[in-house]
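Inspection log for the structure reproduced underneath, given as structure tokens.
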Ligand SMILES: [Zn+2]
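Residue numbers (our numbering): 2 to 361.
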């Protein structure tokens, strides 16, 4: 926690405006202008509790086509009231508005990556100016951060958290979120997570599913994760999640993106479980005449945490992200798959489904 008084007395949250203790405010905040000179404004919710406590920042759609987190924040904004929380929730519903409007990952102007532009600068390129407004007014004033992402388009990812587990504060936050899988790393230089964590706002990334969709099973899990964090930090009197297995992938542990070596048509063969054994076929790549078939096998026994969905590949295209797991973790995952409780979603063929999605 950044200030001593945060534990003893309620504080106003000040950006350019002020949200007083006991107040919930929803507004739009200008971070730039369009070519027409109209304001580019991000939707913001600030819920300042009656009682003091940590300030928690939630951000979504820093990549404009990653929508699951947008739904998570809409629900969080609706769910909590100042009288129930100790501290402040700062929700930036859509950080990258230009990309969101275009439904693409990057800012449409020169394809700048907003998530490589933090903490930003007041007088620099478009992305850095936007990042600066967001970071200086909101993120840097918070004690904790949850940044919601999905896989990039044409891929999907298992629900997991990314955090620097070497840093005890970010590790605590990652574990409080309650996901089964934590991928450790400092994060890309100039990403929101790396910059905020380095500068006193421990922040983790939540990766969930695919771009361009609301996946309700994953959204529900993330809402439980948010509540678990709020409970663990005494912001809200809720349930702290206790996952029955947890895999923390440290920097030295084996994880690998398997890539295509040839161009062609990709057919995923793994499944229904994302557990694959060494030597098992993950996918094949064939030419259009079916003369040549390349078989991609699992180089080690592990869990598939990310996978290509688009069924065509070029040499170098990532096909699947595989992480090695221990035999104990494997046994627990196998038990959960058998009992139907595996991680809140099922795997069908090459894609993960939320419980309410139909197999095709
Ligand atoms: Zn992203």
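Ideal Cβ positions, reconstructed from N, Cα and C, are used throughout, including at glycine.
Cβ-Cβ separation, residue j to residue i (assumed contact under 8 Å), whole Å
| i | j | result |
| --- | --- | --- |
| residue 47 | residue 26 | 5 Å |
| residue 119 | residue 191 | 6 Å |
| residue 280 | residue 156 | Wrong, their Cβ atoms sit about 24 Å apart, outside the cutoff. |
| residue 315 | residue 264 | 5 Å |
| residue 222 | residue 324 | Wrong, their Cβ atoms sit about 19 Å apart, outside the cutoff. |
Same chain only: Cβ atoms within 8 Å of residue i, ignoring 5 sequence neighbours per side
| i | result |
| --- | --- |
| residue 285 | 267, 268, 270, 294, 295, 296 and 297 |
| residue 57 | 88, 89, 90, 91, 143, 144, 145, 146, 147, 230, 231, 234 and 236 |
| residue 115 | 63, 64, 96, 97, 100, 107, 108, 128, 131 and 132 |
| residue 34 | 40 and 41 |
Proximity below 9 Å, CB of residue i to CB of residue j
| i | j | result |
| --- | --- | --- |
| residue 32 | residue 149 | no |
| residue 153 | residue 210 | no |
| residue 50 | residue 70 | no |
| residue 170 | residue 198 | yes |
| residue 208 | residue 159 | yes |
| residue 20 | residue 30 | no |
| residue 240 | residue 178 | no |
| residue 246 | residue 338 | no |
| residue 224 | residue 77 | yes |
| residue 287 | residue 299 | no |
| residue 244 | residue 332 | no |
| residue 121 | residue 111 | no |
Nonlocal neighbours in the same chain, by C-beta distance under 6 Å from residue i, ignoring five residues either side
| i | result |
| --- | --- |
| residue 317 | 260 |
| residue 213 | 66 |
| residue 206 | 148, 150, 163 and 194 |
| residue 11 | 22 and 53 |
| residue 37 | none |
| residue 7 | Any reading at residue 7 must be qualified, since the residue scores a pLDDT of 47, below 50, and its modelled position is unreliable; no value is offered. |
Cβ neighbours of residue i in the same chain (closer than 7 Å, five flanking residues each side left out)
| i | result |
| --- | --- |
| residue 258 | 319 and 322 |
| residue 141 | 200 and 202 |
| residue 326 | 248, 303 and 304 |
| residue 103 | 65 and 109 |
| residue 126 | 113 |
| residue 134 | 32 |
| residue 117 | 189, 191 and 192 |
| residue 215 | 68, 69 and 72 |
Check: What runs of the beta strand (DSSP E), each 3 residues or longer, lie entirely inside the region 122 to 201?
Finding: 145 to 150, 156 to 164 and 182 to 185
Note to self: Please give me, in chain order, every unbroken run of the alpha helix (DSSP H) with length at least 4 that falls completely inside the region 234 to 311.
What the structure shows: none
Item checked: Residues passing the C-beta test against ligand 1 heavy atoms, cut-off 5 Å -> Qualifying residues come out as 64, 67 and 150.
Check: Fully enclosed by the region 47 to 129, which alpha helix (DSSP H) runs are 4 residues long or longer?
Finding: 69 to 80 and 98 to 103
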